[in-house]
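Visitor: Residue numbers for the sequence shown, in my numbering: -16 to 143.
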Amino acid sequence: MKRSFRFSLPVTVVTAAIGYVYASTVFVFIDQWFGLRSSPGIMNAAAFTAVALMSAVNYAVAVFTDPGRIPSTFMPDIEDADNPIHEIKRKYHEGVRAMWLAEKGGDVYSHPYNVGAYENLTSALGPNILCWLFPTSRHIGSGLRFPSAYEKLASASASK
């Protein structure tokens, strides 16, 4: 059975990316850094050519190799107690039930990191609304601390 050639945009983009990175690295960076006629330049170009060639061959094998089929006798063991999917579903059900019971008792559940739509957007995209189309990272801290609803409660109780 002969395979017919079909154009695939993702395959073309990946192939073009490999070619672009190879050409820009060898003919721009290595050429300006060492020069392609020097011994270190030739060694670096050869090493990068080998890496690019291995990447292209590996990608071609991944594209053209048939992944196979799931055996007809395969059936997942859904009753296994150690099955992580069962554990995830159980924990989700427990969380939903706890939230339902809390709401039934009069407590309204809100996620601690949901500080409001505007505050969530400004913490991710920055305080300047005009720059939201082209966000920067100057306003972002260390990434280890985020505002939460508990801080609002603590500041409100401290101000009383």
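Just so it is clear, CB atoms sit at the ideal spot from N, CA and C, and this is done for glycine as well.
Between PHE129 and SER93, which are expected to be in contact by the criterion C-beta below 8 Å, what is the C-beta distance as a whole number of angstroms?
Guide: No, PHE129 and SER93 are not in contact; Cβ-Cβ is about 15 Å, not under 8 Å.
Visitor: From PRO50, TYR75, PHE31, ALA85, pick the residue whose C-alpha is nearest to that of VAL4; which is it?
Guide: For VAL4, the nearest C-alpha among the options comes from PHE31.
Visitor: Tell me, to the nearest whole angstrom, how far the beta carbon of SER131 is from that of TYR101; I am working on the premise that it is less than 8 Å.
Guide: With 8 Å as the limit, SER131 and TYR101 do not qualify as a contact, their Cβ atoms being about 16 Å apart.
Visitor: For PRO23, which residues of its own chain have a beta-carbon under 8 Å away from its beta-carbon, when the five flanking residues on both sides are left out?
Guide: Closer than 8 Å at the Cβ level, and outside the excluded window around PRO23, lie PHE17.
Visitor: Starting from the C-beta of ALA85, find all residues in its chain whose C-beta is less than 7 Å away, skip the five residues before and the five after it, and write them out in chain order.
Guide: Answer for ALA85: TYR92, listed in chain order.
Visitor: Taking the alpha-carbon of TYR42 as reference, which of LYS74, ILE123, THR(-2) has the nearest alpha-carbon?
Guide: Among LYS74, ILE123, THR(-2), the Cα nearest to that of TYR42 is on THR(-2).
Visitor: With LEU19 and ALA29 assumed to form a contact (beta carbons below 8 Å), what rounded beta-carbon distance in angstroms separates them?
Guide: No, LEU19 and ALA29 are not in contact; Cβ-Cβ is about 11 Å, not under 8 Å.
Visitor: What residue does the alpha helix (DSSP H) around SER93 start on, and which one ends it?
Guide: From DSSP, SER93 is part of no alpha helix (DSSP H); its letter is neither H nor E.
Visitor: So, are the CB atoms of THR33 and ILE1 less than 8 Å apart?
Guide: The question names Thr, but residue 33 is Ala in the sequence shown. Not a contact, by the Cβ cut-off of 8 Å.
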